[in-house]
Amino acid sequence: MSEQTAPPPPAARAPAPDDDTPLLARNPVVSWVWTNFFSTPLNIALTVISVWFIWSVGSAFLEWAVFNGVLFADSRAHCREIVEHGACWAVVSSRIDSFLYGLYPPAQHWRINITFLLLVAALVPVLWDTMPHRKRALLYSAFVFPVLAVWLLVGGLGLEPVSTKKFSGFMLTLVIGVTGITLSLPLGILLALARRSSLPVLRILSVVFIEFIRGVPLITLLFIASVLLSYFLPPGASFDLIIRVLIMVTLFASAYMAEVIRGGFQSIPAGQYEAAQALGLGYWRSLQKVILPQVLKVSIPGIVNSFIGLYKDTTLVIIIGLFDPLGIGRSLLSDAAWAGLSAEVYLFVALFYFCSCFAMSRYSLYVERKLERGQSHDR
Amino acid sequence: MRTLTLSLAIAAIALISTPPANAATLDDVQTRGVLRCIINTGLIGFAFTDENGDWQGFDVDFCRATAAAVLDNPDAVEFINATGKTRFTMLNSGEGEVLYRNTTITMSRDTDLKLTFLGVNYYDGQGFIVPRALGVSSAHELDGASVCIQTGTTTELNLADFFRSNGISYEPVPIETNEEARVSYLAGRCDAYTTDASGLAATRATFDDPGGHIILPEIISKEPLGPAVRQGDDQWADIVRWVLNALIEAEEYGITADNTALLASTSDNPSVLRILGEEGSYGEFIGLDNQWARRAIEAVGNYGEIFDRHLGPSTAIGLERGLNAQWTDGGLLYAPPVR
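Heads up: the protein sequence lines correspond to chains P and C, in order. Quick note, in my numbering, the first sequence goes up one by one and the last residue is 1027. Quick note, in my numbering, the second sequence goes up one by one and the last residue is 323.
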């Protein structure tokens, strides 16, 4: 079906246009459709069956979700009054604040908005590699933004303090996802280096850590974070649940990251190390100038794969009573006014995760292509 | 790393087996200025978020009443949401002071889990819902029926007991969550669905055609739901217990959120005056002032008002009082007197 693999359309092979070929067949669109969908009896059969299947499933869904969808209403009963059978998107639109900000105090929502804008600003120098003054901007992303974000979200120093127990909704997903992603990459690189190190202590510690974390499900680690850790601490001195979760998620992701990066290291031929040494570069210099750029380039698909996995895993915090978007959905489905609209809520949450993850995967494809181009240019 | 983990685990077990006898919960709460109340992550009528993102519900109101009594502010509550799996550990590890999470009182929870249960705020029991078209009017007529049931719960065991003791056969259809059960039941994957009666009513309220389904009269188990605190602080247990009792007694004597001031000055019923703190010094016995119960009632209303607001016939759930009526109305609510 794809254009690259399709044989040239018959129009191209056909004799000159002034013969008796029907006019219709000379149209490139018609001929493309003809070759790809109707060229053989098998193709015709497959096309008819596929169209019928897509139509029967898709039209029912479209009718339910779009044509009969209700965007604004006061309650489920109100939705049903407007349209008997149709999606009641009002459950999402009327509670969009809950999904975005969760249980964060409404008067303080502006702080989340500003933090989000600062996050976008911090991502620009990271993602845009030809940005002017990029080095200085990266200092902001790495050091200024995290401090500002914590101050804005948690409060204190002039801002009204907000308990981290109120962190929820998409905002919680972003907090856990961004923290886990940004911390797990450097930690993963260090772990991978330690695992390849010639110092036995470092190597053994790293192997034990990676194998232990990889051998335990994330849910178990989250239970340890939420339940077991509080027994170690003196009563009353509770150590913030969000921080415990952030630590566990970061450790979990960095163990996987370490293995991805290690795979990258193994793909680098020994000649590269020797060449770097021959140039008189020390361990760190050769890593920085020669080895790591190649390792990271090779590992991009694996790294992004881990990022996406981590991002989706954030929804597991629902098990320890934190409210990710799914948890928010569950709590508002318990409101008698909206109960029973789980399909709408789950579809909306799925759409959110899909958009985030699809954006990540597209960006990684863009980077891969760009690096590929750079290399062929060098030759 | 492993040795470290192991020694930490041993330390944890040592700590679990000797929970700290925390005797000053009241001081902790008053110093902090906030009561931490462990509630459900979402249960129709009992705990849910409103459009402002605030928690509402039957259990939630009891938390607010307790906060009003202890801290003179019904909003000084931090709600800690616990799943069925984490609720007891969260209470025992000190992440909250009181558990109001539609929790069934059982002997093992009271003794083995080292909790102290303080009374019943909702008498529930397991029942059945069937489509009216099935033509069944009693659970004894369910011979050969397929029944949707949540796995790993006491309801599963209760169901097996009930059918075995009555010598009738059934086919269980295992289901993970209430939402899944609702969908399966409506899709006709099972003839009947069984869970707590309050849950059945709440689920039925979400059907497109609630009138097409009936809840069978048989209740096959006892599920007394009530608040719990950690063992070891009797003063704190007394406070939570008597706030609950006062709210129930307030309904019995007709004290509502709106008439406390009127009754305090005009009533000549000594029971009313004791609850409102006009007679005796009952607040001092539990380390509070004498207006404790009055504040709780003014914050959320008496038991009947709380019930009507979240579960009663005027709500979408539409539960009758049933067992949860006052003893004077043929129910089981029989609060010990404040005196």
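Ideal placement from N, C-alpha and C gives every residue a C-beta, glycine not left out.
- Message: Just verifying my parser: in three-state terms, what is the DSSP assignment at Glu207/C?
- Response: Mapped onto the second sequence, residue 207/C falls at position 223. In the structure shown, Glu207/C sits in a strand (DSSP, three-state: E or B).
- Query: How long is the line joining the alpha carbons of Met819/P and Asp961/P, rounded to whole angstroms?
  - Reply: Here residue 819/P refers to the residue found at position 171 when the first sequence is read from its first residue. Here residue 961/P refers to the residue found at position 313 when the first sequence is read from its first residue. Approximately 15 Å, taken between the alpha carbons.
- Query: Using the C-alpha atoms, what's the distance from Ile301/C back to Pro211/C?
  - Reply: Indexing the second sequence from 1 puts residue 211/C at position 227. Indexing the second sequence from 1 puts residue 301/C at position 317. Straight-line Cα distance between these residues: approximately 22 Å.
- Task: Let me know the secondary structure DSSP gives His197/C once reduced to three states.
- Result: What you label residue 197/C is simply residue 213 of the second sequence in a count that begins at 1. His197/C falls in the strand class under three-state DSSP.
- Task: Measure the Cβ-Cβ separation of Val740/P and Phe996/P and say whether it is below 8 Å.
- Result: In the first sequence, residue 740/P corresponds to position 92, counting from 1. In the first sequence, residue 996/P corresponds to position 348, counting from 1. The answer is yes: Cβ separation under 8 Å.
- Message: So Ile968/P contacts chain C; which residues on that side make the cut at Cβ distance below 8 Å?
- Response: Here residue 968/P is taken as the residue at index 320 of the first sequence, counted from 1. In chain order, Thr67, Thr70 make up the part of chain C whose C-beta sits under 8 Å from the C-beta of Ile968/P.
- Query: Where Asn162/C and Phe30/C are concerned, what is the direct C-alpha to C-alpha distance, given to the nearest angstrom?
  - Reply: As a working note, residue 162/C is residue 178 in the second sequence. As a working note, residue 30/C is residue 46 in the second sequence. So the two alpha carbons sit approximately 15 Å from each other.
- Identify the continuous beta strand (DSSP E) that holds Cys132/C and give its terminal residues. In the second sequence, counting from the first residue as 1, residue 132/C sits at position 148. Element bounds for Cys132/C: 129 to 134.
- Task: Could you check what DSSP says for Phe147/C in three-state terms: helix, strand or coil?
- Result: Translated into the one-based positions of the second sequence, residue 147/C becomes position 163. Residue state, collapsed to three classes: helix.
- Task: Please state whether DSSP places Val678/P in a helix, a strand or coil.
- Result: If you number the first sequence from 1, residue 678/P lands on position 30. Note: Val678/P maps to helix in three-state DSSP.
- What do you reckon, are the CB atoms on Val284/C and Ala60/C nearer than 8 Å? By 1-based counting over the second sequence, the position of residue 284/C is 300. By 1-based counting over the second sequence, the position of residue 60/C is 76. Between Val284/C and Ala60/C, the CB-CB gap reaches or exceeds 8 Å.
- Query: My guess is that Ser874/P and Leu853/P are in contact by the Cβ rule of under 8 Å, so how many angstroms apart are they, rounded?
  - Reply: Residue numbering aside, residue 874/P sits at position 226 when the first sequence is read from its first letter. Residue numbering aside, residue 853/P sits at position 205 when the first sequence is read from its first letter. Actually they do not touch by this definition, with Cβ atoms about 26 Å apart.
- Item | Secondary structure of Gln936/P, DSSP reduced to three states | Numbered from its first residue, the first sequence carries residue 936/P at position 288. Correct three-state label for Gln936/P: helix.
- Just the chain C side, please: which residues come within less than 9 Å of Arg743/P by C-beta, in chain order? Counting from 1 along the first sequence, the entry for residue 743/P is found at position 95. Result: Thr33, Glu35, Gly37.
- Item | Residue closest to Ile270/C, alpha-carbon to alpha-carbon, out of Asp218/C, Gly314/C, Ile232/C, Asn243/C | On the second sequence, position 286 is the one that residue 270/C refers to. Ile270/C has its Cα closest to that of Asp218/C, out of Asp218/C, Gly314/C, Ile232/C, Asn243/C.
- Task: Name the residue from Gln942/P, Phe701/P, Leu876/P, Leu805/P whose alpha carbon lies nearest to the alpha carbon of Ser77/C.
- Result: Here residue 77/C refers to the residue found at position 93 of the second sequence. Here the closest residue by C-alpha is Leu876/P.
- Could you give the DSSP three-state label for Asp162/C: helix, strand or coil? Counting from one through the second sequence, the residue named residue 162/C turns up at place 178. Correcting the residue identity first, residue 162/C is Asn in this sequence and not Asp. The answer is helix: DSSP assigns Asn162/C an H, G or I state.
- Cβ-based neighbour list, Val774/P, same chain, cut-off 6 Å, excluding 5 preceding and 5 following: Translated into the one-based positions of the first sequence, residue 774/P becomes position 126. Excluding positions up to five away in sequence, the list reads Ser789.
- Message: Within 10 Å of its beta-carbon, does Ile692/P have 16 or more other beta-carbons around it, so buried, or fewer, so exposed?
- Response: Locating residue 692/P in the first sequence gives position 44, where the first residue counts as 1. If you draw a 10 Å sphere on the C-beta of Ile692/P, you find fewer than 16 other C-beta atoms in it, and that means exposed.
- Query: Excluding five sequence neighbours on each side, which residues of the same chain lie with their C-beta closer than 7 Å to the C-beta of Pro194/C?
  - Reply: As a working note, residue 194/C is residue 210 in the second sequence. Around Pro194/C: Arg188.
- Task: Kindly give me the distance between the Cβ atoms of Cys736/P and Glu992/P, rounded to whole angstroms, as I take these residues to be in contact under 8 Å.
- Result: Start at 1 with the first residue of the first sequence, and residue 736/P comes out as number 88. Start at 1 with the first residue of the first sequence, and residue 992/P comes out as number 344. Yes, Cys736/P and Glu992/P are in contact; Cβ-Cβ is about 6 Å, under 8 Å.
- Interface partners of Ala754/P on chain C, CB under 8 Å: Within the first sequence, numbered from 1, the residue matching residue 754/P stands at position 106. What sits at residue 754/P in the sequence shown is Pro, not Ala. Residues of chain C passing the Cβ test: Asn36, Gly37.
- Cα-Cα separation between Leu170/C and Val718/P, rounded to whole angstroms: As a first step, residue 170/C is located in the second sequence; it is residue number 186 there, counting from the start. As a first step, residue 718/P is located in the first sequence; it is residue number 70 there, counting from the start. Rounded to the nearest angstrom, the two C-alpha atoms are 22 Å apart.
- Item | Beta-carbon proximity of Leu102/C to Arg225/C, cut-off 8 Å | Stepping through the second sequence from its first residue, residue 102/C is reached at position 118. Stepping through the second sequence from its first residue, residue 225/C is reached at position 241. Yes, these two residues count as a Cβ contact at 8 Å.
- Task: Sort out for me which residues DSSP pairs Thr100/C with in a bridge.
- Result: As a working note, residue 100/C is residue 116 in the second sequence. BP columns for Thr100/C point to Val213/C.
- Query: Alpha carbon to alpha carbon, how far is Val1028/P from Leu801/P?
  - Reply: The displayed coordinates of chain P run from 649 to 1027. Any statement about residue 1028/P would go beyond what the structure contains.
- Message: Given a cut-off of 8 Å on the beta-carbon distance, is the pair Ala129/C and Tyr154/C in contact?
- Response: Numbered from its first residue, the second sequence carries residue 129/C at position 145. Numbered from its first residue, the second sequence carries residue 154/C at position 170. Yes, Cβ-Cβ distance for Ala129/C and Tyr154/C is below 8 Å.
- Would you kindly check if the distance between the Cβ of Ile948/P and the Cβ of Ser1012/P is under 8 Å? Position 364 of the first sequence, counted from the first residue, corresponds to residue 1012/P. Position 300 of the first sequence, counted from the first residue, corresponds to residue 948/P. Contact flag set, yes.
- Message: Taking the alpha-carbon of Leu805/P as reference, which of Lys814/P, Val795/P, Lys813/P has the nearest alpha-carbon?
- Response: Mapped onto the first sequence, residue 805/P falls at position 157. If we check each option's Cα against that of Leu805/P, Val795/P comes out closest.
- Message: For Thr15/C, count the other beta carbons within 10 Å of its own beta carbon; 16 or more makes it buried, fewer makes it exposed. Which is it?
- Response: Along the second sequence, read from residue 1 onward, the residue named residue 15/C stands at position 31. Counting Cβ neighbours within 10 Å, Thr15/C comes out exposed, since fewer than 16 surround it.
- Output the residue ranges of the alpha helix (DSSP H) runs that lie fully inside the stretch 896 to 943 of chain P and measure 4 residues or longer, sorted by chain position. 918 to 926, 931 to 934
- Item | 8 Å Cβ cutoff, Asp983/P in contact with chain C | On the first sequence, residue 983/P is found 335 positions in, with the first residue counted as 1. Cβ-Cβ to chain C under 8 Å: yes for Asp983/P.
- Whole angstroms is fine: what's the gap from Asp983/P's alpha carbon to Val54/C's? Your numbering for residue 983/P matches position 335 in the first sequence. Your numbering for residue 54/C matches position 70 in the second sequence. Their backbone Cα atoms lie some 28 Å apart in a straight line.
- Mind checking whether Leu260/C and Arg279/C have CB atoms under 8 Å apart? For the purposes of this step, residue 260/C is taken as residue 276 along the second sequence, with counting starting at 1. For the purposes of this step, residue 279/C is taken as residue 295 along the second sequence, with counting starting at 1. Cβ distance not < 8 Å, so Leu260/C and Arg279/C don't count as in contact.
- Query: Checking contacts by CB at 8 Å: is Leu748/P closer than that to chain C?
  - Reply: The residue given as residue 748/P occupies position 100 in the first sequence. Judged by the 8 Å Cβ criterion, Leu748/P is not in contact with chain C.
- Item | With 16 other Cβ atoms within 10 Å as the buried cut-off, status of Asp972/P | In the first sequence, the residue the question calls residue 972/P occupies position 324. Per the 10 Å Cβ criterion, buried.
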